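Written out below as structure tokens is the structure these notes cover.
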Amino acid sequence: MKDFQRDFIDFMLDVGVLTFGDFTTKSGRKTPYFVNTGLYRSGSQMATLGRAYADAIEASFPDGFDVLFGPAYKGIPLVVAVSMAFAERGREVEFCFNRKEAKDHGEGGVIVGRKLRDGDRVLIVEDVTTAGTSIRETVPVLRAAADVKVAGLIVSVNRMERGTTDRTALDELAGEFSMPTRSIVDLDEILEHLGDRLGTEDRARIAAYRDEYGAVSV
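The structure is reproduced here in structure tokens:
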């Protein structure tokens, strides 16, 4: 693990985004831990989050993209924060995002921000992908806007559980859309970093959850 990954795990805990207990995911699974990115709520938190994404992008996609895309709705503040983090480092990175419904006046369309052009390499920035549903909705939107190449997907946390097959949702998406998929951290890295800070009961509940929903290959 890199320092920025350790810092990111501590950050999620400090702001209450990463919690342990009894929760239900969007896919309906009962889970002993939850990553609620909707709890980021201040400028300083978004600045820290943007820097963590930028660190992960520099590690995995250093020059492999032209524009960032944030799927509505949670992806919208993410691409703004990441773009600002790159600007702090002296790198101008443009972004765009989609509306849920097409605008029928003004400039119209569903894409807001940087206008996509043929040949653009688009990096998707998402919060957490459990089943991959939002990405499967997103890629057709991008390809309808221009003849783009989907350069990859970066999420904050890889839960390392099955998607529609025995593989992780990120692995499935990588194969389905022929693109690299990465996360800032994954569940193994979270457990490793927390060590004794995570109680025996929580670890046992997570182990049981992974026995039921964990991916065979990750």
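Going by the working numbering, the sequence shown opens with residue 7, and the numbers climb by one from there.
Every residue gets a Cβ at the ideal spot worked out from N, C-alpha and C, and that includes glycine.
All values reported here derive from a predicted model rather than from experimental measurement.
Which partner residues of residue 23 appear in the DSSP bridge assignment?
Beta-bridge pairing links residue 23 to no other residue.
Just the Cα atoms here: how many angstroms apart are residue 116 and residue 122?
Going by the C-alpha atoms only, they are around 11 Å apart.
According to DSSP, is residue 77 helix, strand or coil?
The three-state secondary structure of residue 77, taken from DSSP, is coil.
Enclosing alpha helix (DSSP H) for residue 116 [first to last residue]
Premise fails: residue 116 lies in the beta strand (DSSP E), 115 to 119, not in any alpha helix (DSSP H).
Mapping the DSSP letters down to three states, classify residue 177 as helix, strand or coil.
helix
Is it buried or exposed, residue 112, if we count other Cβ atoms within 10 angstroms and call 16 or more buried?
Confidence at residue 112 is low in this model, with a pLDDT of 47, below 50, so the placement of that residue should be treated as unreliable; the coordinate-derived value is given next. So residue 112 ends up on the exposed side.
Buried or exposed: where does residue 172 fall if 16 or more other Cβ atoms within 10 Å of its Cβ makes it buried?
exposed
How about residue 145 and residue 189: are their beta carbons less than 8 Å apart?
no
Taking the alpha-carbon positions, what's the residue 199 to residue 106 distance?
Here the alpha carbon of residue 199 sits roughly 37 Å from the alpha carbon of residue 106.
Quick check: the Cα distance between residue 220 and residue 174, rounded to an integer number of angstroms?
8 Å
Proximal residues to residue 27 (C-beta, below 8 Å), its chain only, five neighbours per side dropped
Cβ neighbours of residue 27 beyond the five flanking positions: 38, 39, 40.
Residue(s) in a DSSP beta bridge with residue 105
Per the DSSP secondary-structure output, residue 105 pairs with nothing in a beta bridge.
According to the Cβ coordinates, are residue 130 and residue 75 closer than 8 Å?
For the pair residue 130 and residue 75, the CB atoms are nearer than the 8 Å cut-off.
Give the C-beta separation of residue 154 and residue 126 to the nearest angstrom, bearing in mind that I take them to be a contact with Cβ-Cβ under 8 Å.
Their Cβ separation, rounded to whole angstroms, is 5 Å, which keeps residue 154 and residue 126 in contact under 8 Å.
Where do the ends of the beta strand (DSSP E) carrying residue 68 lie?
Judged by DSSP secondary structure, residue 68 falls outside any beta strand (DSSP E); it is assigned neither H nor E.
Leaving out the 5 sequence neighbours to the left and right, which residues in its chain are closer than 6 Å to residue 164 when beta-carbon positions are compared?
176, 189, 192
Opposing strand residues paired with residue 164 [DSSP bridges]:
192
Among the residues of its own chain, which have a CB less than 7 Å from the CB of residue 211, if the five just before and after it don't count?
Counting only Cβ-Cβ distances below 7 Å, and skipping sequence neighbours, we find 38.
Roughly how many whole angstroms lie between the Cα atoms of residue 101 and residue 119?
6 Å
In its own chain, which residues sit with a C-beta less than 7 Å from the C-beta of residue 23, not counting the 5 before and 5 after it?
41, 42, 43, 45, 46
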